[in-house]
Every structure is written in structure tokens, then in C-alpha cells.
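What follows is a single structure, written as C-alpha cells, with notes after it.
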Amino acid sequence: MRRKIVAGAVVVAAVTLLVGLVTVFVVQRAVREQAQAELFRQAEATARFLEEEFGALGLTPGGAGRLGDVPGARQKLARVLRQARVVGGHDVVEAALRLPGGRTVALAPDPSLLTRLPADVDERTALRVVVDGVPMLVAVRRIPLDGGAELVVAIGRTEPLLPVRFVTRSLLVALGVGGVLVVGFGAWFARTTSRRLAGLEAASRAIAAGDLEARAPESGDDELTRVSEAFNEMANRLDAARRRERDFLMSVGHDLRTPLTAIRGYAEALDSGAVSDDDLARVASVLHRQTDRLSRLVEDLMLLARLEARAFTLRPEPVDLAAHVKETLEAYRPRMETALVRFESHLEDVGTVVTDPDRIAQILANLLDNALRYTPEGGTVTVALARDDGVVRLAVADTGPGIDPEDLPRIFDRLYVAERYRPLRPEGSGLGLAIVKELV
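Under my numbering, the residue at position 381 of the sequence shown is numbered 421, and the numbers go up by one with no gaps.
Below you can see the structure in the form of C-alpha cells.
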């Protein structure tokens, strides 16, 4: 992970530098072209000034021999060139007349550029010329005059119109610093991310090894922190599930041990002949009751396992729900009479409902078992069926001791009610409400 992040940062820095170099090249080219265009423009303007000066002096460009006949003519032309150099900010501004016979007459003393130009220079040319060891960008403009003469103007600058070297140097420095910062930030980010991922990996391996108390470090407020929080939440739920499983096994062991102890005790008594003939009926009744209890617990465990594994099927069909509930209740009426519990039912005709009748009977049976277990003699168990806002509601209520408010969120947990209220009613698997929850 760290190597990938650092490699990514290096690639980003390299691409940035490459883009920067291309930008520098494009900027240099654009500045150079702009400088050449400006120098050409000023060369043409200078040539026009010189033409006007020729007219003011009464000179004919084709008759350059008359240049010396006009007092102060060369000085005036040199002054025009000097003004063009100062106003334009150029390093050198020179001009010369090329006469029809091939003779060249310099319009300023001691020319330095014109003597270095090739003889066949184009009408509009930009080139680099080294003058006294200093490279110059020179723009040359040849303008035809009357009489077959030609005016050649050369303007040279040691620096372009824009400080391209400074801009280039600054841009390259900025790109270099930016590249170093990108790589440095990438290395820091990779190190920080790798350290946090290492903590998450260590916690994952610890949990895989069975240490459910291991947790990933949580720091910051980013996606990795949210991943760690989600991981820790998962670990908390796994730890809670492990504790519930341990408590469940302990409770199941207790519930299995009680009937098994009774069965074993009576079996040993029968084997040793300690049970008289008069007690055989009572012992048989106890053994029958304890085996029923054991069988019911095993069946509940198997059913709950199938429900939690989603290894059960529903067979929905149209059912007259009120009639089906009434039929199920009739099967429980003898048990309620034996337990001296009064039974009431308020069944509204809710019509036909598409559902699994066996699962409805199973849900109602578990709720009734739970109600009978905790309702004292003389108490009442009430079953109500009604339609409310398009929803069919089946409710079972009893006049038992009730549930403490703090226990309400957990009454459908496996074995919770049986363990919490065992002093009130020691018998029962404690799985009935959990089965109801899974079925619903």
C-alpha cells in the first residue's frame, strides 16, 4: 500500500514536471513570437520615420550621393535612430540604404548589426546575432523605396519584450518545489495510512485468532476512520454474539440437566428396586412429564436453529384467520382449565388472509405457552384478533406478573425471559418467544 501511494505521488510529480516543461516551452515560443512581431512592427515604424526624414531633408533615396551634400543630414538620421532605440527600449537600432548599384550606405556611424547580417537576408527576417559575445534577437525589415533603392532596418534586443528567462526560471523552480512537496506529502500520507491499516490488519488477525476484544485504532475523520468504526462495531457485535452464545449454552445445559437429573434419579431407583408398587404410577408420571419437557426443549432448539439458518419454508395459502385462530385456541382450552386459568377471546372477522396456517398456529402456541406459564391460578389469558389500518393484529395478554420496563427490549432474546424470571416459573425452555420473533 505504501509503495503504491509513493509511486502514485512520484508519477503525479513527474507528470506535473512534464506538463510544466511543456508549458515553459510553449511560453518561451509564444514570448519569442510576440517579441519578433513587436520588433518587426517597430522596424517598419522606424523605416517610415526615416522616409519622412528623407522628405524633410529633400533627399532622394536613390541618389545617396547627395546625402553628404545636405549639412547635418547624417546627424539628423542618426538622431532618429537613437530616438527609436530609446523609445522602444532596444539595445541596438541601425539602418542602411542599399542603392541600385549594390552600394550600401549606413545611416548611423559604427554599425554593429548590419555588418553581421547575411547578404541575402529576407524581406522580413528574425535571427539571432552575437555582438561582442552577447546574443541578440534581431528583427530585420527590408522596405523598397522610390528609385530602386531599399531601406534596411535592424533592431536588436538582448532580452525579449517579456522577461521570459525570469518567468521560465521561476516556473521551473515552482514546479520543482511542487514536485518535492507532492512526493513528500505522498510519502507522509503513505506512512500514516500504512500505520493505520496495520492497526486494522492486526485487529482483524487477532479476531480471526479468537480474541474478540481486539479493536482497530480510530483516529481522524476520514473514510479510513469510518472503516475502523464499522470494523469495531462488527467486533462488538461478534463479542456480544459470543457472550450470548455462551450464556445460551449454559442456560440450555441447565435446562437439560434438570429433567435428565430427575430421569436418572428415578431410573436408578427403579433399577435398585427402591420404588414400591404403590409409587410406580407416580414415578411413571414424573418420568413422562420430564421426558416431555426434554423432548420439547430439543424440538425448540432444532426449530430455532432452522429458523436462524433460514432453513425453513413458508407455504402461504388463503386462510380464514379468525376460524383458524379459534380452532387453535380450542386445543388449548383443556390445559387452561387444568391450570385453573380463565380464557377469553375477542376474534374479529378479518376475512381471508394469505399466510402459512402452520406457522400462525406455531406463533400462537408459543405465545399461549408463555402466557400459561406465568399466569397464576384464577388469572386470565386473553386473545384478540382485529384489523387496524389494513393490518391484521393478533395479540395475547395475560394477568401474570408482567415484564419490567427495562426488560422489554430483550424479551424476545433466547432464554432471556426464562433466566430473568426463573424464580417465578422455573420450568420452560425459554425459547418460545425467540421462535416467535424468528417466525414473525
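Idealized CB from N, CA, C, for every residue including glycine.
Buried/exposed call for residue i, threshold 16 Cβ in 10 Å
| i | result |
| --- | --- |
| residue 243 | buried |
| residue 219 | buried |
| residue 339 | exposed |
| residue 413 | buried |
| residue 415 | buried |
| residue 276 | exposed |
| residue 65 | exposed |
| residue 217 | exposed |
| residue 342 | exposed |
| residue 476 | buried |
| residue 82 | buried |
| residue 176 | buried |
| residue 268 | buried |
| residue 299 | buried |
| residue 397 | buried |
| residue 58 | exposed |
| residue 371 | exposed |
| residue 76 | buried |
| residue 421 | buried |
| residue 138 | buried |
| residue 155 | exposed |
| residue 376 | buried |
| residue 480 | exposed |
| residue 380 | exposed |
| residue 86 | buried |
| residue 141 | exposed |
| residue 442 | exposed |
| residue 125 | buried |
| residue 222 | buried |
| residue 26 | Residue numbering for the chain in the displayed model covers 41 to 480; residue 26 lies beyond these limits and cannot be assessed. |
| residue 105 | Only weak support is given to the placement of residue 105: the predicted model assigns it a pLDDT of 47, under 50, and the question is left unresolved by the model. |
| residue 324 | exposed |
| residue 411 | buried |
| residue 103 | Any reading at residue 103 must be qualified, since the residue scores a pLDDT of 48, below 50, and its modelled position is unreliable; no value is offered. |
| residue 418 | exposed |
Residues bridged to residue i [DSSP beta-bridge criterion]
| i | result |
| --- | --- |
| residue 387 | 425 |
| residue 184 | 190 |
| residue 358 | 394 |
| residue 144 | 138 |
| residue 176 | 169 |
| residue 195 | 133 and 179 |
| residue 420 | 382 |
| residue 236 | Bridge partners of residue 236: none, in fact. |
| residue 164 | 181 |
Span of the beta strand (DSSP E), counted from its first residue to its last, around residue i
| i | result |
| --- | --- |
| residue 434 | 431–438 |
| residue 473 | Unbroken run through residue 473 is the alpha helix (DSSP H), 472–479; no beta strand (DSSP E). |
Unbroken alpha helix (DSSP H) run spanning residue i, endpoints
| i | result |
| --- | --- |
| residue 398 | 397–414 |
| residue 119 | 113–128 |
Pick out the complete alpha helix (DSSP H) segments inside the segment 256–336, 4 residues or longer, and give them in chain order. 263–312
Counting Cβ pairs, one atom from each stretch, are 3 or more of them under 8 Å apart for the segment 376–395 and the segment 326–335? no
Is there contact here, the segment 182–198 with the segment 124–140, by at least three beta-carbon pairs under 8 Å? yes
Decide yes or no for the touch test of the segment 438–453 against the segment 362–375: beta carbon pairs closer than 8 Å, at least 3 of them. no
Answer yes if the segment 255–262 comes into contact with the segment 224–242, meaning at least three C-beta pairs across the two stretches below 8 Å, and no otherwise. yes
Would you call the segment 300–314 and the segment 270–284 in contact, with 3 or more CB pairs under 8 Å? no
Counting pairs of Cβ atoms below 8 Å between the segment 116–123 and the segment 180–188, do you hit three or more? no
Can you find at least 3 beta carbon pairs, one from the segment 142–149 and one from the segment 158–176, that sit closer than 8 Å? no
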